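Engineer: Would you mind keeping the following structure in view while I ask a few things?
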Amino acid sequence: MRLSPLLAAMIAATASIGVSKPTRGQTIQSLPDAPQQDSSDVKTPLQAVPETIAVQAKPTTTSVIHSSENQVAVPTKTVLDAVAHGGNPQDRAASLVQSVPTTLSGSNSSPTQVAVPTKPTKLVVPVDSSAAELPSFTPKPPLSPDSMEGSAQLTPPNGIDQPSQLPEPNQLEPPSTQPPLSLDSMEGSAQLTPPNGIDQPSQLPEPNQLEPPSTQPPLSLDSMEGSAQLTPPNGIDQLSQLPEPTQLEPPSTEPPSDSSEVRVLVAEVLITGAPPQLEEEIYRVIKTRPGRATTRSQLQEDVNAIFATGFFSSVDVQPEDTPLGVRISFIVRANPVLRQVAVKTEPPGEGQRIVNQEKINEIFGEQYGSILNLRDLQEGIKQLNDWYKEEGYDLAQVIDAEQVLPDGTVTLVVAEGVIEAVKVRFLDEDGNPIVDENGNPIPPMTDQEEPVGGNTRPFIITREVELKSGTVFNRKKAQRDLQRVFGLGIFDDVRFSFEPGTDPRQVVIVVDVIEKSSGSIAAGAGLSSASGFFGTVSYQQQNLGGNNQTLGGEFQLGTRELLFDLSFTDPWIAGDPFRTSYTINAFRRRSISLVFNGGSGENNIKVPNDDDDGDRPRIVRTGGGVTFRRPLSQDVFKRSEWTASLGLKYQHVAIEDSDGDVRPESTDGELLSFSDSGEDDLTTVQLGAVRDLRNSTTQPTKGSLLRLGMEQSIPIGSGSILMNRLRGSYSFYIPVEFTNFTEGPQALAFNIQGGTILGDLPPYEAFIVGGSNSVRGFAEGDLASGRSYLQATAEYRFPIFSVIGGALFVDAGTDLGSAGAVPGEPGEQRDLPGTGLGYGLGVRVQSPLGPIRVDFGLNTEGDSRLHFGIGEKF
C-alpha cells in the first residue's frame, strides 16, 4: 500500500536551527528566489532547499549578546548591548540555518482551528488497521512509498514510544542516525542573519533521499480500515473526518509568508528551560502552532518575540522531523533573579559618583527578587537618565552594562560628563573669536596663562566658575556660574561652549566672554550751599590691570576749597579661599549736618559769621579707612546667609562756616563739637554682620534681612572721644495677592530698626529721624534728633503696569525721649516733636539703576511732603 502524500511529506531528516543576534551594522543578504512547486503536478521532482536564507530581524528594542557563560537580551541603542558579555557590543554575529522537507501543498494543511498547547500533548493520527506490522529494522534495498503495504502505526510526537519497525534505512534514515551535511553541500547558499546568535544547525539529507509526493489522494478517515482516534493538541473534541484537500483553507491567524519560503507542517511545539511562570508567556507571544505550517521567517519572528519579553538570555530553536511533521523545540534560558543594580562611573572614580545607592534602589527596587526583565531594566535606566537630567547633569547617561553576575547583580556604567579643563576665550563684538596677527583664531586659555586678545586675566573668570577640572558638568551650576561671571560687571556677554577633551570621555568647558569698556571719565560744574560754585572731574576704572579691581576718584574744586573722594576695591583677594574683599578710601567731604539743620529750614541752628543773621554750620570730614568683608560660608560658590565686616576709620572733623572758618559754638553759645576747639579726631573700629534670606535683592517678596553693627571709637587725638554706637535693623517680607492690576510680585514688607550711643557723644554724631529713608511725611531730620531712636515701617507693594508699581506705607519713629541727652540739645533747640507717624502712597519705576522711588507722605503734624529716592527703603 502506498503512503499518502501527507505521510510522505511529514517524513524528513533531523535538522537544528540556531538563532543569534546580528552584529550591529551587519549587512543582511537578500533572500534568494526559491523555485515554487505546482500543486497540480505532484510528480515534479522536489526542489533543493537552500542551505541558508537571509533573515532580517524585525526592528525591535531588544538585542542579544552572547558570552561563554551568560546570554542576556538587551535593548538596542542602550547600554544593555553589553549586559551579557561584559561590554563588547560588537561580538554579536551568527546565522540562522534551517533544513526542511519540500514545501507542503495546500492539500496537506492541517485543520484550521487548533489550540495552542500548554504542555506536551499527544497527537494520534488515523492509520490503516491492516498494516499492523512493519519489517524489522535491517539493511535492505531502498523502499519507496509504493512498495509499502498497508499503513504503519505511527507514534505521536509527544514522548510516546517509537514504532517498532521502520522502513529500510537506505530509503528513510532514522533521525538519530542521519549524518550531518556540511553547509557547502547545500544548494542555494545565502547568509541567514537571525537576531539572537545560536549555534549553527545540523544539515539536511540530500534531496534525492526523499520521494516526491505521491499522486494518490490523501486518506480520509472513512477510507482507512479499522478505527483510530485523532486527539488534537489541546484536547479539542475528536474530529470525525479530515477535510478534503480542496476544502482546506489557510488558517486565518497564520502569518503571511513569502511564497518562495519553504513551509513545513508543525506537529508539536515544545518549550524547554523556561520556569513555569514564564512558559505561558512564551506560548502567548509565539505564532508557531501545532497543526499549522511554519516558515523560517515565522520562527525568526518567534525568536524575536521571545527575546522581546525581556525575560530570557538565550533562545535556541531546534526542529526535529517526526513521522507526523516537524517538532519545534524552543530551548530557552531565563535571566537570573535580579538582586541588585550597581553603578560604576566612567572614567572610574568614586569622587565623580553623583547618584548614590539609595537612589538606585529607589528606581530599581521593585525589580529586586524577580527574574531579570530587560524591558523593566531598560525602563529603570530611562528613569535614571531622566533623574540625571532633572538634577542638571545633562551630559551624564548610562552608556554600558557589565555582564550579569551569577548572584543577580547588574552593574551599569555611567559616563557622568567629567570636565577635563575650564578655559577662557575672548570674542569680538559680533561674537566671533578674536584672531591673531595672522588671522588665526586665538585658542582658549587656561587660568595660568596671561590674557591674549583681551584685558581680563583668565583666573579672574575661572575662579568665579564652580565647575572645575575633575568635577561633573551640571547645567544648574553652569547657569549660576554664568550669572556670577556676568555679575562682575566687566562683560557685555558671557556664554559657555564645549570642546572635546584629550580623553574622549571628558569635556572641556570654554567660557566665551565679550569685554566691555570698563573705564570712564567725566567732568561737570555746579553750585551748592555747602561749597558754592564748583567744578568736578571724576574717573572710574572697573577692571584695573585686568584683575576686576575698581579704582574711583572724584575731585571737586570750588571757590572755597578742594574736596575729593578716592577709593580702591578688590572684590576677591588673590589666593584667598573665602572670597574676602577689601576697600581702601580717602576723602575730604563737606556737608550740612541734619542734626543742626533740618530739611524744612525751620528753627535751624546757626554759627556766627560776618553777617548778623549767622550762618549754617558745615561739617568738614577729612580722613580715610579700610574695610574688609567676608561671606561666612565654607562654600564660596553658594550664597552665604551671613556676611561679616571689619573696618578701621579715621576722621578729622571740623565745624566751619560758609567761608571755611572754624566755629566751635552756635550763635546761642552751645558747643557744636566735642572739643572746645571746634575740631575733633574720631578713630573708630567698625564691626558688622548681615544675614540675608531674601529671595531677591531688588524686589524681595519673601524672606528676611537682618543687619547688626557696632562702632567703637579709640580715644586718641583731639577730644579723646570714647564712644560706642550700636544699631540694628530687621526686615521681613510676606508674598500676597491683593490686587490684579497686572502680573507681578506683591508683598507685605515690614521693617523695624533702632540704635543707641554709649559714652561720649559729639553732637554731630546723634541719630536723626524723619525723611525719605526714615519717617516719610517729615522733612529730613525734622522728626527727632537723639542719643537713641526706634522706628518701624509697614508697606504693601504691588505692580500697576509693566515696569510701574505702587506702594502704600505707614511709618512711625521716636527718639525714645533721648533728645536731651545730646550735648547742646540740638533737638530741643529746634523744637522737634521727637515722636511721629507718617503715611501715604508711592510709585516705583524700574530702571537700570534700580527702582526709582517717588512717595507722597502725610504726617501727624498735619504736613505733607514729596520724597524721591533710588531703591526701596528696605
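Take any residue in the sequence shown, note its place counting from 1, add 826, and you have its number in the working numbering.
Glycine included, every Cβ here is placed at the ideal spot set by N, Cα and C.
For clarity, every value in this text was computed on a predicted model and none was experimentally measured.
1) Skipping 5 residues on each side, what residues in its chain have a beta carbon closer than 7 Å to that of S1196?
2) Taking its Cβ as the centre, do 16 or more other Cβ atoms sit within 10 Å of L1210, making it buried, or is it exposed?
3) Going straight from the alpha carbon of Y1556 to that of L1353, what length do you get?
4) With a threshold of 16 other CB atoms inside 10 Å of the CB of D1256, please say whether the residue is buried or exposed.
5) Which residue comes first and which comes last in the alpha helix (DSSP H) that contains K1185?
6) Starting from K1215, follow the alpha helix (DSSP H) in both directions and report where the run begins and ends.
7) Would you call N1577 buried or exposed, if buried means 16 or more other Cβ atoms sit within 10 Å of its Cβ?
8) For N1130 and E1292, I'd like the C-alpha separation in whole angstroms.
9) For Y1194, does the three-state DSSP call read helix, strand or coil?
10) Cα-Cα, which of Q1617, L1534, R1623, R1405 is closest to T1568?
11) When the Cβ atoms of the region 1479-1488 are set against those of the region 1445-1459, are three or more pairs found closer than 8 Å?
12) Starting from G1653 and walking both ways along the beta strand (DSSP E), at which residues does that stretch end?
13) From V1298 to S1539, what does the alpha carbon distance come to, in whole angstroms?
14) By the three-class DSSP mapping on this structure, what secondary structure does S1123 have?
15) Could you tell me if P1490 is buried or exposed, where buried requires 16 or more neighbouring beta carbons within 10 angstroms of its beta carbon?
16) Using three-state DSSP, classify S1644 as helix, strand or coil.
17) Is it buried or exposed for R1670, if we count other Cβ within 10 angstroms and need 16 for buried?
18) With distances taken from CA atoms, which of T1453, R1456, N1423 is nearest R1442?
19) Please work out which residues of its chain come closer than 6 Å, Cβ to Cβ, to L1238, disregarding the five sequence neighbours upstream and downstream, and give them in chain order.
20) Excluding the five sequence neighbours on either side, which residues of its own chain have a C-beta within less than 6 Å of the C-beta of D1689, listed in chain order?
21) Cutting at 6 Å between CB atoms, please list the residues of its own chain near F1404, excluding the five before and the five after it.
22) Can you find the residues in the same chain that come closer than 6 Å, C-beta to C-beta, to R1553, ignoring five residues on each side of it along the sequence?
23) Taking only the alpha-carbon atoms, compute the straight-line gap between P1173 and A1400 and give it to the nearest angstrom.
24) When the Cα atoms are used, what is the spatial distance from Q1309 to F1317?
25) Where does the unbroken alpha helix (DSSP H) through I1287 begin, and where does it stop?
26) Name the two residues that bound the continuous beta strand (DSSP E) containing L1308.
27) From L1458 to A1134, what distance separates their C-alpha atoms?
28) At the level of alpha carbons, what is the spacing between V1320 and S1614?
29) Can you tell me the Cβ-Cβ gap for I1542 and D1507, rounded? I've got them flagged as a contact below 8 Å.
30) By a C-beta neighbour count over all protein chains shown, 10 Å radius and 16 as the cutoff for buried, is R1283 buried or exposed?
31) With a 10 Å radius around its C-beta and 16 neighbouring C-beta atoms as the bar for buried, classify D1681 as buried or exposed.
32) Could you compute how far the alpha carbon of E1075 sits from the alpha carbon of F1138?
33) Flag this pair as yes or no: are the beta carbons of G1660 and T1640 separated by less than 8 Å?
34) Would you decide whether V875 is buried or exposed? Buried here means 16 or more other CB atoms lie within 10 Å of its CB.
35) Quick check on DSSP: helix, strand or coil for Q1274?
36) Going by Cα to Cα distance, which pick from E1505, R1115, L1314, V1337 is closest to S1323?
Structural biologist: This is what the structure gives:
1) Closer than 7 Å at the Cβ level, and outside the excluded window around S1196, lie V1163, L1164.
2) L1210 should be labelled buried.
3) Taking the straight line from one Cα to the other gives about 38 Å.
4) Burial call: exposed.
5) For K1185, the enclosing alpha helix (DSSP H) begins and ends at 1183-1190.
6) Counting along the chain, the alpha helix (DSSP H) containing K1215 begins and ends at 1200-1216.
7) Classification for N1577: buried.
8) C-alpha separation (whole angstroms): 49 Å.
9) Here Y1194 sits in coil by DSSP.
10) Here the closest residue by C-alpha is R1623.
11) The region 1479-1488 makes contact with the region 1445-1459, as at least three CB pairs between them are under 8 Å.
12) In this chain, G1653 is not harboured by any beta strand (DSSP E); it is covered by the alpha helix (DSSP H) spanning 1652-1655.
13) In this structure, the alpha-carbon of V1298 lies about 50 Å from that of S1539.
14) Note: S1123 maps to helix in three-state DSSP.
15) When all chains shown are included, P1490 counts as buried.
16) In the structure shown, S1644 sits in coil (DSSP, three-state: anything other than H, G, I, E or B).
17) Label assigned to R1670: buried.
18) The option with the nearest alpha carbon to R1442 is N1423.
19) Listed in chain order, the non-local C-beta contacts of L1238 below 6 Å within the same chain comprise V1169, V1224, A1227, local neighbours out to five positions each way being set aside.
20) If we look at D1689 and ignore the five residues flanking it on each side, it has no Cβ neighbours.
21) Hits under 6 Å: R1456.
22) So the list reads G1535, G1581, once near-sequence residues are dropped.
23) A straight line joining the alpha-carbon of P1173 with that of A1400 spans about 32 Å.
24) C-alpha separation (whole angstroms): 11 Å.
25) Element bounds for I1287: 1284-1288.
26) Premise fails: L1308 lies in the alpha helix (DSSP H), 1301-1312, not in any beta strand (DSSP E).
27) Between the alpha carbons of L1458 and A1134 lies a distance of about 57 Å.
28) Rounded to whole angstroms, V1320 to S1614 spans 48 Å at the Cα level.
29) Yes, they are in contact, since the Cβ atoms of I1542 and D1507 sit about 7 Å apart, within 8 Å.
30) R1283 should be labelled buried.
31) D1681 counts as buried, since at least 16 other C-beta atoms from the protein chains shown sit within 10 angstroms of its C-beta.
32) Note that E1075 scores a pLDDT of 38, beneath 50, so its modelled location is shaky and nothing firm can be said.
33) In terms of Cβ geometry, G1660 and T1640 form a close pair [threshold 8 Å].
34) Low confidence applies here, because V875 scores a pLDDT of 30, under 50, leaving its location unreliable and the question unanswered by this model.
35) Assigned with DSSP and collapsed to three states, Q1274 falls in coil, not helix or strand.
36) The shortest Cα separation from S1323 among E1505, R1115, L1314, V1337 belongs to V1337.
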